[in-house]
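Residue numbers (the numbering used here): 8 to 275. A virtual CB, placed ideally from N, CA and C, is assigned to each residue, including glycine.
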Amino acid sequence: MARVQKFLSLAAGFCFVLLLSLFVTSCEETTEPGVPDEFIQGDIFPLTVGNKITYSGYLRHQVADTNITSTGAVYNTTWTVVVLSAPMPTPPVGPGGTGTLVADTTTVPTGVPNPPTVKVYTPLFIKKEANGSFSYLTSIGRFKRQLGISGTDTLKLILLADASVALGKTWSAYDSTFAAPSVGTARLEIVGKWEGKETLTLNGATFNTYKLTATRNVYLAGSSTPAPGSGALTATVWVAAGIGPVKMILNADGESYGHYREYLTRNF
Numbered sequence: 008m009a010r011v012q013k014f015l016s017l018a019a020g021f022c023f024v025l026l027l028s029l030f031v032t033s034c035e036e037t038t039e040p041g042v043p044d045e046f047i048q049g050d051i052f053p054l055t056v057g058n059k060i061t062y063s064g065y066l067r068h069q070v071a072d073t074n075i076t077s078t079g080a081v082y083n084t085t086w087t088v089v090v091l092s093a094p095m096p097t098p099p100v101g102p103g104g105t106g107t108l109v110a111d112t113t114t115v116p117t118g119v120p121n122p123p124t125v126k127v128y129t130p131l132f133i134k135k136e137a138n139g140s141f142s143y144l145t146s147i148g149r150f151k152r153q154l155g156i157s158g159t160d161t162l163k164l165i166l167l168a169d170a171s172v173a174l175g176k177t178w179s180a181y182d183s184t185f186a187a188p189s190v191g192t193a194r195l196e197i198v199g200k201w202e203g204k205e206t207l208t209l210n211g212a213t214f215n216t217y218k219l220t221a222t223r224n225v226y227l228a229g230s231s232t233p234a235p236g237s238g239a240l241t242a243t244v245w246v247a248a249g250i251g252p253v254k255m256i257l258n259a260d261g262e263s264y265g266h267y268r269e270y271l272t273r274n275f
């Protein structure tokens with residue numbers, strides 16, 4: 008149970024839990040001549056106090072990163088918009104400033120008879136821009152631990168959705184270089200991409216969605232070539248205008264559980 012609680016407290020952000028492991032294309036993107044760029048339309052994550060969305064789903068295996076189907080019997084997540092302009096953790100712990108506070112309440116199995124399940128509350132901080140873009144606060148602690156990078160400032164804002172970018176194109180969600188004792192420097196690059204539009208039917212409800220992905224590359228010792236093991240997908244999110252995220256795959260990282268979530272109900 009302690010292991011599950013530790014993961015959820017770090018990664019539910021969308022952890023929304025780190026967030027939050029990521030793939031990035033190295034090919035130059037082009038637009039076909041004569042075909043205009045298409046952009047997302049509508050508010051893809053309305054943040055009104057009291058809005059509540061409930062998701063069914065599964066935990067994902069820490070190493071295999073596949074759905075643990077047996078957990079679907081009890082898995083349940085509710086996101087509730089609790090407070091607008093909530094103060095975020097301040098430096099050196101976090102970036103400071105304010106964000107919208109979303110309460111993530113997730114029920115998962117404990118693996119023991121008593122109690123068989125546990126309900127874990129995790130505060131999610133979402134920072135939304137005037138154009139509809141939004142970032143989430145997540146931890147890069149595992150990346151820093153793996154490379155022996157010092158410092159407690161592991162909470163970072165990741166630009167999960169950039170409304171100014173056309174469908175089919177990418178944006179920089181996060182990019183920073185750190186001093187790493189064993190290799191000199193380590194650069195963490197997170198890239199978002201609008202994959203396109205998809206129509207989904209989830210638990211009897213049909214949505215017209217925009218699909219986005221988040222990917223990660225690590226560059227060591229000033230190299231321009233990603234290190235071995237880079238390029239893994241870390242998150243895939245489908246968002247519907249007027250509703251928000253309706254389906255999510257938050258990938259496992261080899262150390263902690265991942266999550267698969269899909270829309271169940273909402274109160275707005």
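Next item on the list: Pull up the CB-CB distance for R194 and Y226, whole angstroms please, since I reckon it's below 8 Å.
Entry: Residue numbering aside, residue 194 sits at position 187 when the sequence shown is read from its first letter. Residue numbering aside, residue 226 sits at position 219 when the sequence shown is read from its first letter. Correct: roughly 4 Å between the Cβ atoms.
Note to self: Whole angstroms are fine: how far does the CA of V90 sit from the CA of H68?
What the structure shows: Residue mapping note: residue 68 aligns to position 61 of the sequence shown, counting from 1. Residue mapping note: residue 90 aligns to position 83 of the sequence shown, counting from 1. Their backbone Cα atoms lie some 32 Å apart in a straight line.
Checklist line | Contacts around P53, its chain only, beta-carbon distance under 8 Å, and the 5 residues preceding and following it disregarded | finding: By 1-based counting over the sequence shown, the position of residue 53 is 46. Only G249, I250, G251 and F275 meet the Cβ criterion.
Note to self: Here's the rule I'm using: 16 or more other beta-carbon atoms within 10 Å means buried, otherwise exposed. How should A7 be labelled?
What the structure shows: Here the chain comprises residues numbered 8 to 275, so residue 7 is not present and cannot be evaluated.
Notebook entry, point to check: Short check: CB of I156 to CB of F132, under 9 Å?
Noted result: Here residue 156 refers to the residue found at position 149 of the sequence shown. Here residue 132 refers to the residue found at position 125 of the sequence shown. At the C-beta level, I156 and F132 stay beyond 9 Å of one another.
Notebook entry, point to check: In this structure, what does DSSP give as the bridge partners for Y267?
Noted result: Position 260 of the sequence shown, counted from the first residue, corresponds to residue 267. Y65 and I256.
Checklist line | Between the CA atoms of V109 and G2 - distance to the nearest angstrom | finding: Nothing about residue 2 can be read from this structure; the chain reaches only from 8 to 275.
Notebook entry, point to check: Who are the near neighbours of N58 in its chain, counting only those whose CB is closer than 6 Å to its CB and skipping five residues on each side?
Noted result: Taking the sequence shown and counting its residues from 1, the one referred to as residue 58 is at position 51. Cβ within range, chain order: V88 and F275.
Check: Does the region 187-203 come within contact of the region 218-232, defined as at least 3 CB pairs closer than 8 Å?
Finding: yes
Next item on the list: Would you check if the distance between the CB atom of K204 and the CB atom of L167 is smaller than 9 Å?
Entry: The sequence position of residue 204 within the sequence shown is 197, counting from 1. The sequence position of residue 167 within the sequence shown is 160, counting from 1. The answer is no: Cβ separation not under 9 Å.
Margin query: Less than 9 Å between the C-beta atoms of G261 and L162, yes or no?
Written below: For the purposes of this step, residue 261 is taken as the residue at position 254 of the sequence shown. For the purposes of this step, residue 162 is taken as the residue at position 155 of the sequence shown. Against a cut-off of 9 Å, the Cβ pair of L162 and G261 comes out as no contact.
Check: Excluding sequence positions up to five away, which residues of its chain have a Cβ less than 6 Å from the Cβ of S92?
Finding: Within the sequence shown, residue 92 is the residue found at index 85, counting from 1. Excluding sequence positions up to five before and after S92, its CB lies within less than 6 Å of the CB of T105, all in the same chain and listed in chain order.
Item checked: Segment limits, beta strand (DSSP E) that includes K200 -> Counting from 1 along the sequence shown, the entry for residue 200 is found at position 193. That run of the beta strand (DSSP E) goes G191 to L209.
Notebook entry, point to check: For K59, which three-state DSSP category applies?
Noted result: Here residue 59 refers to the residue found at position 52 of the sequence shown. In the structure shown, K59 sits in a strand (DSSP, three-state: E or B).
Notebook entry, point to check: Can you name the start and end residues of the beta strand (DSSP E) that G106 belongs to?
Noted result: Working through the sequence shown from its first residue, we reach residue 106 at position 99. Note, G106: beta strand (DSSP E), T105 to P116.
Notebook entry, point to check: N258: buried (16+ other C-beta within 10 angstroms of its C-beta) or exposed?
Noted result: Numbered from 1 along the sequence shown, position 251 holds the residue referred to as residue 258. Under this definition N258 is a buried residue.
Notebook entry, point to check: Rounded to the nearest angstrom, how far is the Cβ of T206 from that of T220, given a contact under 8 Å?
Noted result: Here residue 206 refers to the residue found at position 199 when the sequence shown is read from its first residue. Here residue 220 refers to the residue found at position 213 when the sequence shown is read from its first residue. Rounded, the Cβ-Cβ distance is 18 Å, inconsistent with contact.
Note to self: At the level of alpha carbons, what is the spacing between L209 and V190?
What the structure shows: Position 202 of the sequence shown, counted from the start, is the residue given in the question as residue 209. Position 183 of the sequence shown, counted from the start, is the residue given in the question as residue 190. Each residue's alpha carbon lies about 46 Å from the other.
Check: In three-state terms, what does DSSP make of A212?
Finding: Numbered from 1 along the sequence shown, position 205 holds the residue referred to as residue 212. Correct three-state label for A212: strand.
Item checked: Limits of the unbroken beta strand (DSSP E) element including F185 -> Along the sequence shown, one-based indexing puts residue 185 at 178. F185 -> beta strand (DSSP E) spans T177 to A187.
Next item on the list: Grab me the residues of P98's own chain with a C-beta within less than 7 Å of its C-beta, minus the 5 sequence neighbours each way, in chain order.
Entry: Position 91 of the sequence shown holds residue 98. So the list reads D160, once near-sequence residues are dropped.
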